[in-house]
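If you're matching them up, the sequences are chains H and U in order. Numbering-wise (the numbering used here), the first sequence opens with residue 1 and increments by one. Numbering-wise (the numbering used here), the second sequence opens with residue 290 and increments by one.
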Amino acid sequence: MTASVVSTRKVPAGQAIVPSLRPTAAWSLVPAATVLFAFWLLPLAHLIVLGGQSRDGSASGYWQVLGSAQYLGSLAQTCMLAFAVTLAALLVGGISGVFLARQRFFGRSALVALLTFPLAFPGVVVGFLVILLAGRQGLFASLGLELAGERWIFAYSLTGLCIGYLYFSIPRVILTVMAACESLDRSLEEAAHSLGAGHWRVVCDVIVPGLAPALISCGAICFATSMGAFGTAFTLGTRLNVTPVAIYNVFTNYANFAVAAALSVVLGALTWAVLLLARRLVKQSRTVL
Amino acid sequence: MKRSTLFVGQLAFTLLVCAFMLVPVLMSLLAGLTRNYFQGISSGLTFDWLVQVWQAYAPTVWLSLQLAAACALCVCVVGVPAAYALVRMNNRFSRAFEELMVLPVAMPGLASALALLLTYGQFGGFRSSWLFILVGHVLFTLPFLVRPVMAVMQRQHLPVLEEAAASLGAGPFRRFFSVVVPNCQAGILAGVLMVVTLSLGEFNLTWMLHTPLTKTLPVGLADSYASARLEVASAYTLIFLLMIVPLLIALQAISARLSRGEKR
């Protein structure tokens, strides 16, 4: 990324004209700035203020959230779930991603294409797929009936949610790792091999450190999506105690806008903090999508 | 080259991951075409469920297509000039702005939707029209167009071309529309495809922003998962997949072409 920015600057003829283009360029930012201000910054500020308000004499939304074991529990559970999913996705996606980037074999590009499709599936569809896999009439239920004489049903629990989140995290990791592998210096691995390092040593000491920046920033995005994913949890059942579902329940069932707003702000702040931390760690100039 | 056991192991692992991704999708396709899923495939194949879904949910498909097209248009109108500005300015302000633009994607969709709902919900006419959902979709998809367009703009010899146009007397508008935009076509196309795909499948925001009269495809899907029988839900999913998979294939073809161009 930085390389291409630098190369734009290097164009000697272009540099002379940049100052005269600048005012026009800034003007073309106006539509986007207007949309973002009116429909994102303003509502967000409103949400933050609203979270501080209180209803019929009770404490403000933030205090209600921070003082309630239920909300804090759901936040902790959401964080832990997102963290577990991120680690698992990094492990699985890392292995497959390095393999797909390094090896050439028949059907490789088809495999890559198939593996990246689920990235665009919405959360509701993923939830339904989890139900087909592990629901009452699912694959695992009939498998369990054959093997152990009882139906294995875990779609409607945190395990099911975890599988659903993995479903759209793994493709993201595979794509990022494949892209990062392209820029890895293979001679380092060959040097390590020739110095007598085994496969595991090379993986631990050369490949993983080389991929670390990509893994961290991709992991942060996986964490963020898992924190906010609502569709999957919604399909699997609104009894699951994760924060997006809690926000939805507070908002629709109790119409408690202050608490819903406060929960949203806390969830958003947590997500943002993790993204920011990841960027600090890898010293990278922009968020990966 | 002799393939080692390591290769076989990794291939098996990757195939397993692929199976995890694909088996539920195939099950869903099959369930949508089976006469009775609980009896299995022996009960025969049928298109009845698809017809039934189409009769019940066709409006959601049309609304989603309309939303996706409008969203792509809006994002182009807003995003292409913004990408141009961000590439040209390339200073602290523009980087901060880009960060701000990505924020709606990184934030939980439910929180953004709630913010929109609590701020603009009292405007009844706006609230109940499909434009309310459109606003959410535009916010969510904007960076997915701006990023690829910026990438293309940064790599082309755009400053030189623009300078040539300027020295021939083209004004800023003329330069933008006849030099900048045609040179970024591939990036714009990739961005638009991504925006359409995302808009068709957007649920987190849409579920909060929709009204009973403005149901999009994913909202209808959630509806059918909650209430309809498994075959109908599967058939509905099949229709959705039929809509987005061609888009995804086109997207992959274009991004492959773009990355080839980068290496050249």
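All C-beta atoms in this analysis are idealised placements derived from N, C-alpha and C, irrespective of residue type, glycine included.
With a threshold of 16 other CB atoms inside 10 Å of the CB of residue i, please say whether the residue is buried or exposed.
i: residue 182 of chain H; result: exposed
i: residue 80 of chain H; result: exposed
i: residue 509 of chain U; result: buried
i: residue 29 of chain H; result: buried
i: residue 504 of chain U; result: buried
i: residue 128 of chain H; result: buried
i: residue 162 of chain H; result: buried
i: residue 339 of chain U; result: buried
i: residue 295 of chain U; result: exposed
i: residue 264 of chain H; result: buried
i: residue 222 of chain H; result: buried
i: residue 401 of chain U; result: buried
i: residue 204 of chain H; result: exposed
i: residue 538 of chain U; result: exposed
i: residue 268 of chain H; result: buried
i: residue 387 of chain U; result: buried
In chain U, what lies closer than 9 Å to residue i by C-beta?
i: residue 103 of chain H; result: 292, 296, 299 and 300
i: residue 247 of chain H; result: 397, 399, 400 and 403
i: residue 86 of chain H; result: The premise fails here: residue 86 of chain H is roughly 14 Å from chain U at the closest Cβ pair, so nothing lies under 9 Å.
Can you tell me the Cα-Cα spacing of residue i and residue j, whole angstroms?
i: residue 413 of chain U; j: residue 499 of chain U; result: 13 Å
i: residue 25 of chain H; j: residue 429 of chain U; result: 24 Å
i: residue 471 of chain U; j: residue 549 of chain U; result: 19 Å
i: residue 542 of chain U; j: residue 187 of chain H; result: 31 Å
i: residue 352 of chain U; j: residue 211 of chain H; result: 43 Å
i: residue 529 of chain U; j: residue 343 of chain U; result: 11 Å
i: residue 570 of chain U; j: residue 527 of chain U; result: No statement about residue 570 of chain U is possible, as the shown extent of chain U runs from 290 to 553 and does not include it.
i: residue 314 of chain H; j: residue 357 of chain U; result: Only positions 1 to 289 of chain H appear in this structure, which leaves residue 314 of chain H out of reach.
i: residue 21 of chain H; j: residue 377 of chain U; result: Residue placement at residue 21 of chain H cannot be trusted, given a pLDDT of 49 that sits under 50; the coordinates are not used to answer.
i: residue 61 of chain H; j: residue 410 of chain U; result: 20 Å
i: residue 250 of chain H; j: residue 326 of chain U; result: 36 Å
i: residue 439 of chain U; j: residue 142 of chain H; result: 50 Å
i: residue 408 of chain U; j: residue 47 of chain H; result: 8 Å
i: residue 153 of chain H; j: residue 368 of chain U; result: 46 Å
i: residue 459 of chain U; j: residue 34 of chain H; result: 28 Å
i: residue 492 of chain U; j: residue 452 of chain U; result: 44 Å
i: residue 118 of chain H; j: residue 88 of chain H; result: 17 Å
i: residue 540 of chain U; j: residue 196 of chain H; result: 43 Å
i: residue 479 of chain U; j: residue 200 of chain H; result: 39 Å
i: residue 301 of chain U; j: residue 424 of chain U; result: 44 Å
i: residue 475 of chain U; j: residue 95 of chain H; result: 32 Å
i: residue 306 of chain U; j: residue 115 of chain H; result: 8 Å
On the three-state DSSP scale, how would you describe residue i?
i: residue 195 of chain H; result: coil
i: residue 498 of chain U; result: helix
i: residue 335 of chain U; result: coil
i: residue 323 of chain U; result: strand
i: residue 287 of chain U; result: Absent from the structure is residue 287 of chain U, since the part of chain U shown begins at 290 and ends at 553.
i: residue 239 of chain H; result: coil
i: residue 159 of chain H; result: helix
i: residue 351 of chain U; result: helix
i: residue 21 of chain H; result: Unreliable placement is indicated for residue 21 of chain H, whose pLDDT of 49 sits below 50; the coordinate value is still reported in the next sentence. Note: residue 21 of chain H maps to helix in three-state DSSP.
i: residue 97 of chain H; result: helix
i: residue 464 of chain U; result: helix
i: residue 46 of chain H; result: helix
i: residue 517 of chain U; result: coil
i: residue 328 of chain U; result: coil
i: residue 426 of chain U; result: helix
i: residue 185 of chain H; result: coil
i: residue 293 of chain U; result: coil
i: residue 479 of chain U; result: helix
Rounded to whole angstroms, how far is the Cβ of residue i from the Cβ of residue j, which I believe are closer than 8 Å?
i: residue 174 of chain H; j: residue 93 of chain H; result: 5 Å
i: residue 513 of chain U; j: residue 321 of chain U; result: No, residue 513 of chain U and residue 321 of chain U are not in contact; Cβ-Cβ is about 11 Å, not under 8 Å.
i: residue 234 of chain H; j: residue 126 of chain H; result: Residue 234 of chain H to residue 126 of chain H, Cβ: 11 Å. No contact.
i: residue 332 of chain U; j: residue 323 of chain U; result: 6 Å
i: residue 76 of chain H; j: residue 67 of chain H; result: Not a contact, Cβ separation roughly 15 Å.
i: residue 50 of chain H; j: residue 261 of chain H; result: 4 Å
i: residue 489 of chain U; j: residue 506 of chain U; result: 6 Å
Under 7 Å between beta-carbons, which chain H residues line up against residue i? List them in chain order, please.
i: residue 507 of chain U; result: 122 and 124
i: residue 533 of chain U; result: 120
i: residue 311 of chain U; result: 114
Please compile the residues from chain U whose C-beta is within a distance smaller than 8 Å of the C-beta of residue i.
i: residue 137 of chain H; result: 326, 327 and 519
i: residue 264 of chain H; result: 397, 399, 400, 403 and 404
i: residue 228 of chain H; result: 396, 397, 398, 399, 400 and 493
Give me the chain U residues within the contact set of residue i, using Cβ-Cβ distance strictly less than 7 Å, ordered along the chain.
i: residue 36 of chain H; result: 389 and 390
i: residue 224 of chain H; result: 395
Give the interface partners of residue i over in chain H, defined as CB-CB distance under 8 Å, in chain order.
i: residue 332 of chain U; result: Simply none; closest approach about 14 Å.
i: residue 368 of chain U; result: 32
i: residue 487 of chain U; result: 120
Within 8 Å of any Cβ in chain B, is that where the Cβ of residue i sits?
i: residue 26 of chain H; result: Here the protein chains are H and U, and chain B is not one of them.
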